[in-house]
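Q:
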Amino acid sequence: MQKTFFKGILVVTALLLGQFTFASEKKDEAGDHGKDLKTEIKEYITHHLQDSHDFSLFSYTKENGEHKYVGFPLPVILWDDGLKIFSSSKFHHGETLAEVNGNHYKLYHSKIYKTDAEGTINYDEDHHATNVKPLDFSITKNVVMIIVTGLLMLWLFTSLAKSYTKNNGIPTGAGRFFEPIVMYIRDDIARPNIGEKRYKKYMPFLLTIFFFIWFLNIFGLTPLGINVTGNIAITVSLALMTFVITNVTGTKDYWMHQFDPLGKSLPWYGKIPLYIILVPIELLGLIIKPFSLLIRLYANMQAGHIVLMSLIGLMFIFKSWLGSPLSFGLAFAISLIEVLVALLQAYIFTMLSALYFGFASEDHHEEGHENDPELAHL
């Protein structure tokens, strides 16, 4: 039994070594072609992760070498000595210049630069473009998906509210799926972490942020090539909303704790040397909390897309009966895990937001009197 098992391991190892040796030989024979293929895959992954000024569903190359894109352009809105509005089709996916009222603009690395009629891009010593960048208010692919997600949520939950009214509090259709999730957020996230008295005023935000992140994460796993939550500008905006709500709704006890964390446990002259360290740490925590929210969501979604696209790219590198199926199998497994991660990241963001709201809205004196009958009269 053991001999058979070890023989099987040796056979599999030999096959894998043969496969990688064969792949290496192919790479050596191809010379620069193998390097170019890897560079092309890397550029494709980078392009997938970035936002864009057009909505491309897919692309293909004709027999004559012409590259065709299937999708639709989006409006470009620039402020450059006045408002400039035109279609992103003028850029032709970065291959041509856009001329508007005598000004020339070039799409370079997903950013729009003002240039001359030849499309010259100037660089500094670090090879960074130094051309003027107009203020860009364009409707990009990420903005389109944010609008679509918002409209989808509005339609879904308006329908859910109407079904409650028509059926005496019993949801119908898609509401039967979403109702348990709404109840879970209320009973297992909001109430335990914020408290029975104040949880209701935070529920609209918690429900919105949960479904908004979840839906965007799921859209990011579709072949549409969307990576909204993998854009750090989006995660910063979401975390900033939690930060503002936390501090605006904070109680007197919350702010007293920031500047006087030891309370009346020590006389003021005994707290001075401790507060030189404690108060800056408490104030730093105000920034660390939203930062942990934004970086966790951004890093997890960005890493998931990179790993998935890299595994798919391995199929084009190996081009063999063993390497390609293995890459496909791993990519499929990662896709299933990403479906769980999409939900998990929405849950974590909502849970931590509820925790921060609970810390900010907690009234220590009232809580202590309610829990300790002997001190209730104080």
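Using mature numbering (1 follows the signal peptide of the UniProt record, and there is no 0), the letters of the sequence shown correspond one by one to residues -23 to -1, 1 to 355. For each residue, glycine too, the CB sits at the ideal point set by N, CA and C. The structure presented is a predicted model; accordingly, all values stated were derived computationally and were not measured.
What residues match up with serine 301 in a beta bridge as DSSP calls it?
A: Answer is none; serine 301 lacks a bridge partner.
Q: Tell me which residue opens and which closes the beta strand (DSSP E) that serine 64 is part of.
A: First-last of the beta strand (DSSP E) with serine 64: 60 to 64.
Q: Quick check on the DSSP output: the alpha helix (DSSP H) that includes proline 157 runs from which residue to which?
A: From DSSP, the alpha helix (DSSP H) with proline 157 extends over 152 to 161.
Q: Which residue marks the beginning of the beta strand (DSSP E) containing phenylalanine 35, and which one marks its end?
A: Its beta strand (DSSP E) spans residues 31 to 38.
Q: If you follow the beta strand (DSSP E) that asparagine 224 is in, where does it begin and where does it stop?
A: Taken as a continuous stretch (DSSP letters only), asparagine 224 belongs to no beta strand (DSSP E), being part of the alpha helix (DSSP H) at 209 to 225.
Q: Can you tell me whether aspartate 9 is helix, strand or coil according to DSSP?
A: Because aspartate 9 carries a pLDDT of 41, less than 50, the predicted location of this residue cannot be relied on, and the following value inherits that uncertainty. The answer is helix: DSSP assigns aspartate 9 an H, G or I state.
Q: By the 10 Å Cβ neighbour count, where 16 or more other Cβ atoms means buried, how is serine 338 classified, buried or exposed?
A: Classification for serine 338: buried.
Q: Could you check what DSSP says for isoleucine 116 in three-state terms: helix, strand or coil?
A: Reduced to three states, the DSSP call for isoleucine 116 is coil.
Q: Taking Cβ to Cβ, would you say isoleucine 124 is nearer than 8 Å to threonine 327?
A: No, Cβ-Cβ distance for isoleucine 124 and threonine 327 is not below 8 Å.
Q: So, with DSSP's three-state summary, where would you put glutamate 17?
A: Looking at glutamate 17 - three-state DSSP - the assignment turns out to be helix.
Q: Identify the residues that DSSP records as bridge partners of threonine 92: which are they?
A: DSSP, once it has assigned bridges, lists His81 as partnering threonine 92.
Q: So leucine 55 is in the beta strand (DSSP E); what residue range does that whole segment cover?
A: Run containing leucine 55: 52 to 56, per the beta strand (DSSP E) assignment.
Q: Let me see if you follow: with CB-CB separation under 8 Å, is valine 53 close to chain B or not?
A: Looking at the structure shown, chain B is missing, and only one protein chain is on hand.
Q: Identify the residues that DSSP records as bridge partners of alanine 75: which are they?
A: In the DSSP output, where bridge partners are listed per residue, alanine 75 has Tyr82.
Q: Should the region 277 to 292 be called in touch with the region 198 to 209, which here means at least 3 C-beta pairs below 8 Å?
A: Segments in contact, yes.
Q: How long is the line joining the alpha carbons of glycine 71 and tryptophan 56, rounded to whole angstroms?
A: Going from the Cα of glycine 71 to the Cα of tryptophan 56 covers about 20 Å.
Q: First and last residue of the alpha helix (DSSP H) that includes proline 169?
A: Element bounds for proline 169: 168 to 171.
Q: Tell me, please, which residues DSSP counts as bridged to valine 47.
A: The partner list for valine 47 (beta bridge, DSSP) reads Phe35.
Q: By Cβ distance, which residues of its chain are closer than 6 Å to aspartate 9, with the 5 residues on each side in sequence left out?
A: With a pLDDT of only 41 at aspartate 9, under 50, the local geometry of the prediction cannot be trusted, and no value is derived from it.
Q: Could you tell me whether the Cβ atoms of serine 304 and leucine 288 are closer together than 8 Å?
A: Yes, the Cβ-Cβ distance between serine 304 and leucine 288 is below 8 Å.
Q: Whose C-beta lies closer than 8 Å to the C-beta of histidine 81 among residues of the same chain, with five residues either side of it excluded?
A: The residues are Leu74, Ala75, Lys91, Thr92, Asp93, Ala94 and Gly96.
Q: Taking the Cβ atom as the reference point for each residue, do leucine 183 and alanine 308 lie within a distance shorter than 8 Å?
A: In this structure, alanine 308 does not lie closer than 8 Å to leucine 183 by Cβ.
Q: May I have the straight-line CA-CA distance separating phenylalanine 336 from tyrosine 231, to the nearest angstrom?
A: Using only the alpha carbons, I get a separation of about 7 Å.
Q: So which of Ser65, Arg168 and His69 has the shortest CA-CA distance to phenylalanine 114?
A: Among Ser65, Arg168 and His69, the Cα nearest to that of phenylalanine 114 is on Ser65.
Q: Only counting the same chain, and skipping five residues up and downstream in sequence, which positions put a Cβ closer than 8 Å to that of glutamate 2?
A: In this predicted model, glutamate 2 has a pLDDT of only 39, less than 50, meaning its place in the structure is not dependable; the value taken from the coordinates is given anyway. Within the same chain, glutamate 2 has no close Cβ partners at all.
Q: How is serine 338 classed by DSSP in three states: helix, strand or coil?
A: Helix, per DSSP.
Q: In the DSSP assignment, find the unbroken alpha helix (DSSP H) run with leucine 193 in it and report its ends.
A: Per DSSP, leucine 193 belongs to the alpha helix (DSSP H) from 180 to 196.
Q: Go ahead and label isoleucine 254 buried or exposed: buried means 16 or more other beta carbons lie within 10 angstroms of its beta carbon, across all protein chains shown.
A: Burial call: exposed.
Q: Between the alpha carbons of glycine 207 and glycine 262, how many angstroms are there, rounded?
A: So the two alpha carbons sit approximately 24 Å from each other.
Q: Buried or exposed for asparagine 145, please, with buried defined as at least 16 other CB atoms from any protein chain shown within 10 angstroms of its CB.
A: Burial call: exposed.
Q: Grab me the residues of asparagine 108's own chain with a C-beta within less than 7 Å of its C-beta, minus the 5 sequence neighbours each way, in chain order.
A: If we look at asparagine 108 and ignore the five residues flanking it on each side, its Cβ neighbours are Tyr90, Lys91, Thr92, Ile98 and Asn99.
Q: Near alanine 7, what residues of its chain come up, given a Cβ to Cβ distance below 7 Å and the 5 sequence neighbours on each side ignored?
A: Reliability fails at alanine 7, whose pLDDT of 41 lies under 50, so the model's placement of it is uncertain and the value that follows must be treated cautiously. For alanine 7, where only same-chain residues beyond five positions count, there are no Cβ hits under 7 Å.
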